[in-house]
Every structure is written in structure tokens, then in C-alpha cells.
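In my numbering, the protein residues as written are 4 to 170.
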Amino acid sequence: MRLIGLDPSLVQTGWGIIDVQGRDLSFVASGAIRTRPRDTMAERLGAIDAELGAVLASHEPDEAALEQVFGNRNPRSTLALGQARGAVIVAVARCRLPVHEYAATTVKQAVTGHGHASKEQVATLVRMQLPRSKAETHDASDALAVAICHANHAQMHARTARAGGRS
Numbered sequence: 004m005r006l007i008g009l010d011p012s013l014v015q016t017g018w019g020i021i022d023v024q025g026r027d028l029s030f031v032a033s034g035a036i037r038t039r040p041r042d043t044m045a046e047r048l049g050a051i052d053a054e055l056g057a058v059l060a061s062h063e064p065d066e067a068a069l070e071q072v073f074g075n076r077n078p079r080s081t082l083a084l085g086q087a088r089g090a091v092i093v094a095v096a097r098c099r100l101p102v103h104e105y106a107a108t109t110v111k112q113a114v115t116g117h118g119h120a121s122k123e124q125v126a127t128l129v130r131m132q133l134p135r136s137k138a139e140t141h142d143a144s145d146a147l148a149v150a151i152c153h154a155n156h157a158q159m160h161a162r163t164a165r166a167g168g169r170s
């Protein structure tokens, strides 16, 4: 199964693609979609949608996972993040992919074993779990972490289903 993990942001949306075979995870690709602050909101959201659409068409993932939006003290920043997240969801929905969402603490817990790990710790553990990964930004590394988190959760749900719903 091929998964895309997404870390939505208006400034730089991270994406990371992994292949999953049983318990084996392998790196496929990663990157970040950068928007220009001088562009209008519509242009920035359109760029996220278009560039992510190209990534999805090129790599043909089976499922998508993204980090849930968190609230912060600045309502304007929260709104911008929500709009970027909306552009990401539209691009994924256009490809008719199942979308799974995970809290940041759940992603960090799945990758590092600690729900409050730093970005550096997440990046280090992503490189250890995906030795061929070439995530050049924290956004791309965070997106790969989301994909790893979803792979772990999907495997857990599959084992539970095979056991007849018993955990």
C-alpha cells in the first residue's frame, strides 16, 4: 500500500510518500509546497491545490493522512492554517482517496514514543525508520511522520480485524 502523509501549512505544506508491505516501510518521495507571501490568499491556496494534485497524480497513493489543525493564540494564523488544510483536503478528495487525520501528539508518539518530541527528534527518528529518506525540511519530515503514524495505525486495525475485533 502506498501512503501520503501531509503537514498542511499556508507557508509550506509538507508531503511524504511511503510504501508499506506488512511491517516494512520504505521511503518513496517527499517535499514541500511553498507559497509566496506576496500572493493573494486565493493564489496561495490554488498553488497548494495544483502542486499537491501533481504530486498525487505522479505517485498515485492509495490513502492519505494529515495532521489535524490545532488552535493557537492568533486567530488569523489559525484561519490561514485551516484554509491551507482545506486546499489539501480538496486536492486529496479530487483523487477519491480515503483521508485519515491524526493529532500532532499522536504522530509524535507513533514515531518517537513521546507525544511532545521536538521537530529535530521527529526528523531523526524518521530518518532511522526510513533510512533512504531525503526530507530536506521539517515540513517534509513531519509529513513522513504522519505517513508512518498512519501505517502503524492501519496495521493495528488490520490485526484487530483479523482477531475478530478483539484487541
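Here a beta-carbon is modelled for each residue, glycine too, at the ideal position from N, C-alpha and C.
Closest to residue i by CA distance: which of the options is it?
{"i": "PRO40", "options": "VAL31, ILE51, SER33", "result": "ILE51"}
{"i": "ASP42", "options": "THR115, ASP22, VAL14", "result": "VAL14"}
{"i": "ALA53", "options": "ASP65, ARG37, PRO64", "result": "ARG37"}
{"i": "GLU63", "options": "HIS141, ALA94, GLU123", "result": "ALA94"}
{"i": "ALA138", "options": "MET4, LEU6, ILE20, ARG5", "result": "ILE20"}
{"i": "ARG5", "options": "GLU123, HIS119, SER61, ALA35", "result": "SER61"}
{"i": "SER80", "options": "MET44, THR115, ASP65", "result": "MET44"}
Excluding five sequence neighbours on each side, which residues of the same chain lie with their C-beta closer than 7 Å to the C-beta of residue i?
{"i": "VAL58", "result": "TRP18"}
{"i": "ALA83", "result": "LEU13"}
{"i": "ALA113", "result": "ILE151, CYS152, ASN155"}
Would residue i pass as a contact of residue j if the rule is Cβ separation under 8 Å?
{"i": "GLN132", "j": "TYR105", "result": "no"}
{"i": "SER12", "j": "ALA146", "result": "no"}
{"i": "SER136", "j": "VAL129", "result": "yes"}
{"i": "HIS103", "j": "HIS153", "result": "yes"}
For residue i, does the three-state DSSP call read helix, strand or coil?
{"i": "SER33", "result": "strand"}
{"i": "GLU123", "result": "helix"}
Can you find a heavy atom of the ligand PLP that lies under 7 Å from the Cβ of residue i?
{"i": "ASP10", "result": "Only the bare structure without any ligand can be found here, which leaves the ligand PLP out of the picture."}
Just confirm the distance between the C-beta atoms of residue i and residue j, as a whole number of angstroms; I'd bet it's less than 8 Å.
{"i": "ALA67", "j": "LEU9", "result": "6 Å"}
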